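Asks:
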Amino acid sequence: AQSVTQLDSHVSVSEGTPVLLRCNYSSSYSPSLFWYVQHPNKGLQLLLKYTSAATLVKGINGFEAEFKKSETSFHLTKPSAHMSDAAEYFCVVSGTALIFGKGTTLSVSS
Amino acid sequence: DTGVSQDPRHKITKRGQNVTFRCDPISEHNRLYWYRQTLGQGPEFLTYFQNEAQLEKSRLLSDRFSAERPKGSFSTLEIQRTEQGDSAMYLCASSQLAGGERDTQYFGPGTRLTVL
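Structure representation (C-alpha cells):
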C-alpha cells in the first residue's frame, strides 16, 4: 500500500525567508511523487512531479523538491518566500489514483 | 487547452434530494477521475474512467453515488438521497495515459456541495 505523511500541518515563515515543507512516503515500488498547491477558492495546481529521472525536481514559482530514497522523503523547498505563496500544499503519491497527504498550510507574514 | 471545467461550482440542497454534477475534462485526455475533499483534509479518490469504462471505485462510493462517462468525454456524478455527511468539495481531474509514462492529473475548480 502507498501513503504519504506530511509532517507539519502548519508552517509559518516571514517573507523573504526559506520555506521547507516536509513529506515522507511509503511505497512498495518506485513511486511517482507530486506536490500540488491549493489557493483559497481555487483548484489544485501541480507544482512539480518526480518520476524516477533526476532526484532534484524543479517546479513552478521557484519551488523544488528532492527525492531521497534512503530517507523515503520528498521535501518541498523554496529559497525565499513570497506573500503569494500562502496556500495549502499537498504531497501526493501516485497509484492508479492519487493518494494525498493531509496538507500543510503555509502562512507568510510581511 | 481550456482546462478541466466543472458545473455547478456551488450547490446547496436539502437532505434527501438528488444532485448531479458535471465534469468536462481536457479534450484529448482519456482518463477522468472523481475525488472528494472535506474541510481540512486532502482529496480522497472516489472513482475513475478510462474512456467510457469505469475501471475502479473506492469503498467511499456508496450505493447512493453513481458516475457515468457515456461517450468517453464529459462525466456526471450523481448523489441520491443526499445526507449531511455528503457535504464536501467534489473534484474532477483528467489525464492522458501515454505509453509507460505515469500520467499527470489536472484538476478542475471543484463543486462545493452543502446539504442542509
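Going down the list, the sequences are from chains Z and A.
Residue numbers for the first sequence follow the numbering used here, beginning at 149 and rising by one.
Residue numbers for the second sequence follow the numbering used here, beginning at 5 and rising by one.
Don't be surprised by glycine CBs; every beta carbon is placed ideally from N, CA and C.
All figures in this text were calculated on a predicted structure; none of them were measured in a lab.
Can you check whether the C-beta of GLN45 of chain A is within less than 8 Å of a C-beta belonging to chain Z?
Replies: Translated into positions along the second sequence, residue 45 of chain A becomes position 41. So yes, GLN45 of chain A belongs to the interface.
Asks: Buried or exposed for LYS226 of chain Z, going by 16 or more other Cβ atoms inside 10 Å?
Replies: Locating residue 226 of chain Z in the first sequence gives position 78, counting from the first residue. LYS226 of chain Z is buried by the Cβ-count criterion.
Asks: So GLY114 of chain A and LEU95 of chain A are in contact, right, with Cβ under 8 Å, and what is the actual spacing, rounded?
Replies: Within the second sequence, residue 114 of chain A is the residue found at index 110, counting from 1. Within the second sequence, residue 95 of chain A is the residue found at index 91, counting from 1. With 8 Å as the limit, GLY114 of chain A and LEU95 of chain A qualify as a contact, their Cβ atoms being about 5 Å apart.
Asks: From LEU194 of chain Z to TYR110 of chain A, what does the alpha carbon distance come to, in whole angstroms?
Replies: Translated into the one-based positions of the first sequence, residue 194 of chain Z becomes position 46. Translated into the one-based positions of the second sequence, residue 110 of chain A becomes position 106. Distance between the alpha carbons of LEU194 of chain Z and TYR110 of chain A: 7 Å.
Asks: What do you reckon, are the CB atoms on ASP90 of chain A and GLN100 of chain A nearer than 8 Å?
Replies: As a first step, residue 90 of chain A must be located in the second sequence, where it is residue number 86. As a first step, residue 100 of chain A must be located in the second sequence, where it is residue number 96. No, the Cβ-Cβ distance between ASP90 of chain A and GLN100 of chain A is not below 8 Å.
Asks: Please check if any C-beta of chain Z sits within less than 8 Å of the C-beta of THR42 of chain A.
Replies: Taking the second sequence and counting its residues from 1, one reaches residue 42 of chain A at position 38. At a cut-off of 8 Å between C-beta atoms, THR42 of chain A does not count as an interface residue with respect to chain Z.
Asks: Could you tell me whether any Cβ in chain A is nearer than 8 Å to the Cβ of THR323 of chain Z?
Replies: It is not possible to answer for residue 323 of chain Z, since the shown part of chain Z is limited to 149 through 258.
Asks: What does LEU155 of chain Z touch in chain A if you count any residue whose Cβ is under 7 Å from its own?
Replies: Indexing the first sequence from 1 puts residue 155 of chain Z at position 7. Under the 7 Å cutoff, chain A gives no residues; its nearest Cβ is about 14 Å from LEU155 of chain Z.
Asks: State the Cα-Cα distance for the pair ALA235 of chain Z and THR42 of chain A, rounded to the nearest angstrom.
Replies: In the first sequence, residue 235 of chain Z corresponds to position 87, counting from 1. In the second sequence, residue 42 of chain A corresponds to position 38, counting from 1. C-alpha separation (whole angstroms): 16 Å.
Asks: With a floor of 3 residues, list each beta strand (DSSP E) that falls wholly inside the stretch 170-257 of chain Z, ordered by position along the chain.
Replies: If only complete runs of 3 or more residues are kept, the stretch 170-257 of chain Z shows the beta strand (DSSP E) at 171-174, 180-186, 192-198, 204-206, 212-216, 221-226, 235-242, 246-248 and 252-257, in order along the chain.
Asks: Taking LYS155 of chain Z as the reference, give the member of Z:ALA149, Z:MET231, Z:SER242 and Z:ARG170 with the closest Cα.
Replies: Counting from 1 along the first sequence, the entry for residue 155 of chain Z is found at position 7. It should be noted that the sequence gives Leu, not Lys, for residue 155 of chain Z. Ranking the options by Cα distance to LEU155 of chain Z, first place goes to Z:ARG170.
Asks: Looking at PRO179 of chain Z and the ligand HEM, is the gap between the Cβ and the nearest heavy atom below 7 Å?
Replies: Absence of the ligand HEM is noted for the structure shown, with no ligands found whatsoever.
Asks: Name the one or two DSSP bridge partners that LEU120 of chain A has.
Replies: Reading the second sequence from its first residue, position 116 is the one you call residue 120 of chain A. In DSSP, LEU120 of chain A forms no bridge with anything.
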